[in-house]
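Here the structure is laid out as structure tokens; the discussion comes afterwards.
Residue numbers (the numbering used here): 13 to 618.
Encoded structure:
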């Protein structure tokens, strides 16, 4: 049998081979390490391999702890199973339920079109509008849902600006025939635009064709150059949406799974830590998101042709006519939504109430409303579940008071803002299982002593100054998550990072927060995140486009995180000190300055 044929056959059964060979390959871990630590590490390595290769579905791998930890004598099932539905899962669930109600009544589309009508239609401003809208929506919706919703809006705007993408590609290749059909021909929409009236599309296309026939006396080279510019702008639009969705998800605890895993593992390792909640995380992560989003906008606009003098000066040319058509399309689509209805108004109210109550429960810098209840009893999960429970009985149409007093008056049909069937269909239950698997793994690492054992072998890293360690941790996890799920990445590495911080007497938040945020900075490959895959699946981006753009985005993200941690992060979370809640039970309370710790590391005293 030829080697090429054999390799193809092996590739076809690669998942089965991984499932069979991985347990055998790592079997020596059971015999070469301390008993309990070796067994725990064996399970962790198996799960890491299955997660990274997706040999099993992610959710199925997340349930392996229930099978393996009790049978290997690491953790009892009575202790293990409750880890799959901690209060963090309920906070995540409440965010998902609220997001499904927003999608049900189309409020997200109204928000997107309104923002785009405000920022203007010049390419750079439109890219900024796309990024700001995507980032805001992904704070509350899933990154995947935000990308899937925003891409059709972007395509519809781009078609009104530049015409059909296939025609643009023909113009880019044309060097000799300035009067080719691709220039003056009618545009054919092959992407997935927003729903709109057919006549509107025909009018826009006809106007574009007539204007081109009357004014286009450019040479073939000028036409090709303009088409290449338009193609670049098109790529910029497609690539900015998944990137900004990933960035926006970091701003809230419910925005992305790694944030929730962080808060869950933080409470598991350091039960006395009450520094991080929804409000304090938002106060730290939202400015970081804004800084990174602005830097990302500058880079994407520079790379894809959006930054030029047209931002400051008006010109009356073909581009100006295309921009006018794009503005008309946005305004027309927004007009078709009509005035805001009762359901949209109610969802907006509960959305704002949800955010305000989470922010003000215990904001740390002022007294929150949680003081009215028994200390430690009301958490963010309680707040979220209270708000979203109302959605299942609050009416979606304005109740008719006249019906109560007039026997002949018709009653408004009762339809709640959200049905359980809709919520059940839209909630990714596999992610909830994945969160539970991460918490179960973290609990086992803690109980078996594996985290402490690994931390002891990371002693050489103690010689790295903390500020440099923050950048190294962010860079490492941002690179690793390019090839593996961000959820799996944070589950695998966060226990080790927490133990490392303890070993070197650094505030654990100083290492754990950059690790958590860095897991969401996967920009370089289509397979890195579902939003990247959705944008790449449009067929108009190449891998080299994402690598070229994403590499610099990763660098900007690492620098932004380092800036945040060493400026307002230090002030907010008192990161210069080693807190009392981070001490082991056997240690007395000591407060150690980070800079003094660095000197001690260099002397080898820790």
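Here a beta-carbon is modelled for each residue, glycine too, at the ideal position from N, C-alpha and C.
Using only the alpha-carbon positions, how far apart do residue i and residue j sit?
i, j, result
"residue 40", "residue 433", "48 Å"
"residue 7", "residue 497", "Nothing in the structure corresponds to residue 7, since the chain is present only between 13 and 618."
"residue 363", "residue 109", "11 Å"
"residue 141", "residue 505", "35 Å"
"residue 477", "residue 161", "43 Å"
"residue 86", "residue 428", "47 Å"
"residue 188", "residue 240", "Low local confidence applies: a pLDDT of 41 at residue 188 is under 50, so the model's placement there is unreliable, with the coordinate-based value given in what follows. Approximately 15 Å between the Cα atoms of the pair."
"residue 67", "residue 30", "7 Å"
"residue 262", "residue 287", "18 Å"
"residue 218", "residue 336", "In this prediction, residue 218 scores a pLDDT of 42, lower than 50, which makes its location untrustworthy; the coordinate-derived value is nonetheless stated afterwards. Distance between the alpha carbons of residue 218 and residue 336: 14 Å."
"residue 199", "residue 170", "Only weak support exists for where residue 199 lies, its pLDDT of 37 falling under 50; the coordinates are left without a value."
"residue 242", "residue 311", "17 Å"
"residue 543", "residue 90", "37 Å"
"residue 224", "residue 124", "Its pLDDT being 44, under 50, residue 224 is placed unreliably by the model, and nothing is read from it."
"residue 54", "residue 258", "32 Å"
"residue 65", "residue 553", "25 Å"
"residue 216", "residue 342", "Summary for residue 216: the model assigns pLDDT 40, below 50, so the residue's position carries little reliability; its value from the coordinates is reported in the next sentence. For residue 216 and residue 342, the distance between alpha carbons rounds to 12 Å."
"residue 16", "residue 550", "31 Å"
"residue 36", "residue 58", "10 Å"
"residue 305", "residue 256", "7 Å"
"residue 529", "residue 270", "8 Å"
"residue 440", "residue 96", "15 Å"
"residue 582", "residue 425", "54 Å"
"residue 534", "residue 556", "15 Å"
"residue 345", "residue 120", "14 Å"
"residue 688", "residue 593", "The structure shown does not extend to residue 688, since the chain is modelled only from 13 through 618, so no value can be given for it."
"residue 289", "residue 148", "19 Å"
"residue 484", "residue 296", "20 Å"
"residue 538", "residue 76", "28 Å"
"residue 44", "residue 38", "11 Å"
Please state the DSSP three-state secondary structure of residue i.
i, result
"residue 407", "strand"
"residue 66", "coil"
"residue 361", "helix"
"residue 223", "At residue 223 the pLDDT is 43, less than 50, meaning the model places this residue with poor confidence; the figure from the coordinates comes in the next sentence. In the structure shown, residue 223 sits in a helix (DSSP, three-state: H, G or I)."
"residue 120", "helix"
"residue 536", "coil"
"residue 286", "coil"
"residue 386", "coil"
"residue 38", "coil"
"residue 267", "coil"
"residue 50", "helix"
"residue 531", "coil"
"residue 346", "helix"
"residue 339", "helix"
"residue 414", "helix"
"residue 494", "coil"
"residue 452", "helix"
"residue 23", "helix"
"residue 167", "helix"
"residue 579", "coil"
"residue 554", "coil"
"residue 57", "helix"
If residue i and residue j are in contact, beta carbons under 8 Å, what's the gap, nearest whole angstrom?
i, j, result
"residue 449", "residue 48", "Actually they are not in contact, since the Cβ atoms of residue 449 and residue 48 sit about 20 Å apart, beyond 8 Å."
"residue 438", "residue 150", "The pair is not a contact, with the Cβ atoms about 16 Å apart (cut-off 8 Å)."
"residue 260", "residue 267", "7 Å"
"residue 574", "residue 482", "6 Å"
"residue 509", "residue 523", "5 Å"
"residue 536", "residue 562", "4 Å"
"residue 103", "residue 396", "5 Å"
Residue i bridges to which residues according to DSSP?
i, result
"residue 428", "407"
Given a cut-off of 8 Å, decide if residue j and residue i are closer than it, judged by their beta-carbon atoms.
i, j, result
"residue 619", "residue 515", "Residue 619 lies beyond the stretch modelled for the chain, which goes from 13 to 618, so this question has no answer here."
"residue 99", "residue 430", "no"
"residue 566", "residue 490", "yes"
"residue 399", "residue 106", "yes"
"residue 570", "residue 486", "yes"
"residue 265", "residue 293", "yes"
"residue 245", "residue 317", "yes"
"residue 590", "residue 517", "yes"
"residue 280", "residue 454", "yes"
"residue 254", "residue 502", "no"
"residue 520", "residue 513", "yes"
"residue 568", "residue 71", "no"
"residue 532", "residue 300", "no"
"residue 248", "residue 146", "no"
"residue 403", "residue 101", "no"
"residue 174", "residue 456", "no"
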